[in-house]
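In the order they appear, the protein sequences are chains A and B.
Numbering-wise (UniProt numbering), the first sequence opens with residue 1 and increments by one.
Numbering-wise (UniProt numbering), the second sequence opens with residue 1 and increments by one.
Even glycine gets a Cβ: it sits at the ideal position worked out from N, Cα and C.
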Amino acid sequence: MAAAAASGSGTPREEDGPAGEAVASQPPAPTTAPGARLSRLPLARVKALVKADPDVTLAGQEAIFILARAAELFVETIAKDAYCCAQQGKRKTLQRRDLDNAIEAVDEFAFLEDWALTLPSLLH
Amino acid sequence: MAERPEDLNLPNAVITRIIKEALPDGVNISKEARSAISRAASVFVLYATSCANNFAMKGKRKTLNATDVLSAMEEMEFQRFVTPLKEALEAYRREQKGKKEASEQKKKDKDKKTDSEEQDKSRDEDNDEDEERLEEEEQNEEEEVDN
Numbered sequence: 001m002a003a004a005a006a007s008g009s010g011t012p013r014e015e016d017g018p019a020g021e022a023v024a025s026q027p028p029a030p031t032t033a034p035g036a037r038l039s040r041l042p043l044a045r046v047k048a049l050v051k052a053d054p055d056v057t058l059a060g061q062e063a064i065f066i067l068a069r070a071a072e073l074f075v076e077t078i079a080k081d082a083y084c085c086a087q088q089g090k091r092k093t094l095q096r097r098d099l100d101n102a103i104e105a106v107d108e109f110a111f112l113e114d115w116a117l118t119l120p121s122l123l124h
Numbered sequence: 001m002a003e004r005p006e007d008l009n010l011p012n013a014v015i016t017r018i019i020k021e022a023l024p025d026g027v028n029i030s031k032e033a034r035s036a037i038s039r040a041a042s043v044f045v046l047y048a049t050s051c052a053n054n055f056a057m058k059g060k061r062k063t064l065n066a067t068d069v070l071s072a073m074e075e076m077e078f079q080r081f082v083t084p085l086k087e088a089l090e091a092y093r094r095e096q097k098g099k100k101e102a103s104e105q106k107k108k109d110k111d112k113k114t115d116s117e118e119q120d121k122s123r124d125e126d127n128d129e130d131e132e133r134l135e136e137e138e139q140n141e142e143e144e145v146d147n
């Protein structure tokens, strides 16, 4: 009885029990099978991009999904290529110029130079 | 329709996460570089969409499908993306199929429930008869035990 009184005047101790769980402020994780990360980019945003093209009438759900996944692969690829440039400069922080160098150096990224010019309103 | 440029950009948090996971630990990325990659990704989607749309139009279709996008990747010289994309597509199709079957199963269960409720009524009547028989047997056993 004395122990109970000593532990506090009836106020619940939240640190001890499972009631002290921190409320997760992050959005819920997608319910995909472990190891199978289907897509991290929100399909709604990708769909908005696709619809921005005036020539496109409709796009199937699978097409949107593949575009999202391709965009992820693209980000990984360009980040790695840009990193090679930063490594040469013995830096550990990727800078804008590393990206510009990668775009110039890699043929596949040539479209970025052209498109960035033709769609300034979208990408300022 | 006035669409803000931000709406056509992909979420920064996700882009940052993808970049960090692609690079070795301890490597950072400046804000300008990250923002440039994010915009590049948007341009990539737009360019890929346009290429894919050409394939759809060639096939006289109005809806872009997965094959159109894969063809676009090859056209854009991103053949190395094709295999991982095909794998991702198969996984996606399996997941969609699973979801569809799950919802169909739920519907079947719901229908079954309404059917089985009717069946239970007749089953209860049979059970009553069985219970009577059991009671008789128990009485018999008790008599034997007494002896």
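* Skipping 5 residues on each side, what residues in its chain have a beta carbon closer than 8 Å to that of L64 (chain B)? -> Translated into positions along the second sequence, residue 64 (chain B) becomes position 64. The answer, listed in chain order, is T49, A52, N53, A56.
* To do: Answer yes or no: does any C-beta atom of chain A fall closer than 9 Å to that of Q105 (chain B)?
  => Within the second sequence, the letter at position 105 stands for residue 105 (chain B). Not one chain A Cβ lies under 9 Å of Q105 (chain B).
* Asked: Apart from the five residues just before and just after A86 (chain A), which ones in its own chain have a Cβ nearer than 8 Å to its Cβ?
  -> For this step, residue 86 (chain A) is matched to residue 86 along the first sequence. Once the five neighbours on either side are set aside, the close Cβ partners of A86 (chain A) are K92, T93, L94, Q95, D98.
* Asked: How is T93 (chain A) classed by DSSP in three states: helix, strand or coil?
  -> The sequence position of residue 93 (chain A) within the first sequence is 93, counting from 1. Here T93 (chain A) sits in strand by DSSP.
* To do: Compare the C-beta of K62 (chain B) against all C-beta atoms of chain A and say whether one is closer than 9 Å.
  => Taking the second sequence and counting its residues from 1, the one referred to as residue 62 (chain B) is at position 62. It does; some Cβ of chain A falls within 9 Å.
* Report yes or no: is there a C-beta of chain A within less than 9 Å of the C-beta of residue 183 (chain B)? => The question about residue 183 (chain B) has no answer, for chain B in this structure spans 1 to 147.
* Measure the C-alpha to C-alpha separation of V46 (chain A) and K100 (chain B) and round it to an integer number of angstroms. => Translated into positions along the first sequence, residue 46 (chain A) becomes position 46. Translated into positions along the second sequence, residue 100 (chain B) becomes position 100. Approximately 23 Å between the Cα atoms of the pair.
* Asked: Should A33 (chain B) go down as buried or exposed, given a rule of 16 or more other Cβ atoms within 10 Å for buried?
  -> Here residue 33 (chain B) corresponds to residue number 33 of the second sequence, with the count starting at 1. So A33 (chain B) counts as buried.
* Asked: Taking only beta-carbon atoms, is A36 (chain B) less than 9 Å away from chain D?
  -> Annotation note: the requested chain D is absent from the structure, which comprises protein chains A and B.
* **Identity of the residue in B:I37, B:K106, B:G98, B:Q119 nearest D100 (chain A) by Cα** => Locating residue 100 (chain A) in the first sequence gives position 100, where the first residue counts as 1. Minimum Cα distance to D100 (chain A) is reached at B:I37.
* Asked: Is the Cβ of K80 (chain A) closer than 9 Å to any Cβ of chain B?
  -> The sequence position of residue 80 (chain A) within the first sequence is 80, counting from 1. Output row for K80 (chain A): interface = yes.
* Which of helix, strand or coil DSSP assigns to L10 (chain B) -> Residue mapping note: residue 10 (chain B) aligns to position 10 of the second sequence, counting from 1. Looking at L10 (chain B) - three-state DSSP - the assignment turns out to be coil, as it is neither helix nor strand.
* Asked: Could you give the C-beta distance for F65 (chain A) and A41 (chain B), rounded to a whole number, given that I count them as a contact under 8 Å?
  -> Position 65 of the first sequence, counted from the start, is the residue given in the question as residue 65 (chain A). Position 41 of the second sequence, counted from the start, is the residue given in the question as residue 41 (chain B). That pair is no contact at about 16 Å.
* To do: Output yes if chain A places a C-beta closer than 9 Å to the C-beta of E3 (chain B); else output no.
  => For the purposes of this step, residue 3 (chain B) is taken as the residue at position 3 of the second sequence. For E3 (chain B), the predicted structure reports a pLDDT of 48, less than 50, and the residue's modelled location is therefore unreliable. A value from the coordinates is still provided. Yes - at least one Cβ of chain A is within 9 Å of the one on E3 (chain B).
* State yes or no: is the C-beta of L112 (chain A) within less than 9 Å of the C-beta of F44 (chain B)? => The residue labelled residue 112 (chain A) in the question sits at position 112 within the first sequence. The residue labelled residue 44 (chain B) in the question sits at position 44 within the second sequence. Yes, the pair counts as a contact, with Cβ atoms nearer than the cut-off.
* Run down chain A in chain order and give the residues with a C-beta less than 8 Å from the C-beta of N12 (chain B). => As a working mapping, residue 12 (chain B) is identified with position 12 in the second sequence. Correct list: empty, because the minimum Cβ distance to chain A is about 12 Å.
* For R39 (chain B), which residues from the same chain have a beta carbon less than 8 Å from its beta carbon, with the 5 sequence-adjacent residues on both sides left out? -> Here the question's residue 39 (chain B) lines up with position 39 in the second sequence. These residues qualify, in order along the chain: N9.
* Starting from the beta carbon of E104 (chain A), find every residue of chain B whose beta carbon is closer than 8 Å, and list them in chain order. => Residue 104 (chain A) sits at position 104 when you count from the first residue of the first sequence. Neighbours of E104 (chain A) on chain B: none; closest Cβ ~13 Å, over 8 Å.
* Does Q61 (chain A) come within less than 9 Å of chain B when only Cβ atoms are used? -> Translated into the one-based positions of the first sequence, residue 61 (chain A) becomes position 61. Chain B, which has a Cβ nearer than 9 Å to the Cβ of Q61 (chain A), makes this yes.
* To do: To the nearest angstrom, report how far apart Q79 (chain B) and K90 (chain A) are at their CA atoms.
  => As a position in the second sequence, residue 79 (chain B) is number 79, starting the count at 1. As a position in the first sequence, residue 90 (chain A) is number 90, starting the count at 1. When rounded, the distance between both Cα atoms is 31 Å.
* Around the Cβ of R69 (chain A), are there at least 16 other Cβ atoms within 10 angstroms (buried) or fewer (exposed)? -> Reading the first sequence from its first residue, position 69 is the one you call residue 69 (chain A). When all chains shown are included, R69 (chain A) counts as buried.
* How would you call D68 (chain B), buried or exposed, if buried means at least 16 neighbouring beta carbons within 10 angstroms? -> Residue 68 (chain B) sits at position 68 when you count from the first residue of the second sequence. Buried is the call here.
* To do: Please find out if some non-hydrogen atom of the ligand GTP comes closer than 8 Å to the beta-carbon of L10 (chain B).
  => Absent from the structure shown: the ligand GTP. Ligands present: none.
* To do: Determine whether the Cβ of Q119 (chain B) lies closer than 9 Å to any Cβ atom of chain A.
  => Here residue 119 (chain B) refers to the residue found at position 119 when the second sequence is read from its first residue. Taking Cβ atoms only, chain A never reaches closer than 9 Å to Q119 (chain B), which makes this a no.
* To do: Kindly list, in the order they appear in chain A, the residues whose Cβ is closer than 9 Å to that of L41 (chain B).
  => As a working mapping, residue 41 (chain B) is identified with position 41 in the second sequence. Checking the sequence shown, residue 41 (chain B) turns out to be Ala, not Leu. Simply L41, A71, E72, F74, V75, I78.
* Asked: Nearest chain A C-beta to A66 (chain B) closer than 9 Å, yes or no?
  -> Translated into the one-based positions of the second sequence, residue 66 (chain B) becomes position 66. At least one chain A Cβ lies under 9 Å of A66 (chain B).
* Which ranges would you report for the alpha helix (DSSP H) in the stretch 64 to 110 of chain A if only whole runs of at least 4 residues count? -> 96 to 105
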